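In the working numbering, the protein residues as written are 258 to 400.
Take a look at the structure set out below.
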């Protein structure tokens, strides 16, 4: 198969334009003759691109995990303060015992009872934002 004279990508004889760079293929190299790019150079560029994607995706994932930890701890403290103000010390003891229910209900209680939307924003907004960042990182790395 012939190679594109611009980028070195192999193409089928009936292609009029390169599928990689879009160059018009009227100035074709003869079949079997390779362009200036060697196979090793092309492999090196592909490997470098994979490493770069892995690094950038890993950075996105690391930021997401740090964000989950910070937002999770801040949310827990905020929620326990809400429970303490609403139900006192024994409410906090029960809240720690039934932690998942408190994590779900306390921010909504603060919004409905006090009109304070900040706990809801911190807990749900921070968690959703971290999940989106992690998803972007996974998409970049191909996980």
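Cβ coordinates follow ideal geometry from the N, Cα and C atoms, glycine included.
If you're wondering where the values come from, they're calculated on a predicted model, not measured in any experiment.
The beta carbon of residue 381 is closer than 8 Å to those of 364 in its chain, skipping five residues each way along the sequence.
Inclusion of residue 377 and residue 390 in the CB contact set at 8 Å is not warranted, their separation being larger than that value.
Counting the other Cβ atoms within 10 Å of the Cβ of residue 260 gives 16 or more, which makes it buried. Spatial neighbours of residue 317 in its own chain (CB-CB distance under 6 Å, excluding positions within 5 residues in sequence) are listed in chain order as 390, 393 and 394. Counting only residues of its own chain and dropping the five nearest sequence neighbours on each side, residue 281 has a CB closer than 6 Å to the CB of 274. In the three-state scheme derived from DSSP, where H, G and I count as helix and E and B as strand, residue 263 is classed as coil. Residue 281 carries a strand assignment under DSSP once its states are collapsed to helix, strand and coil.
Only exposed fits residue 306, as fewer than 16 other CB atoms lie within 10 angstroms of its CB.
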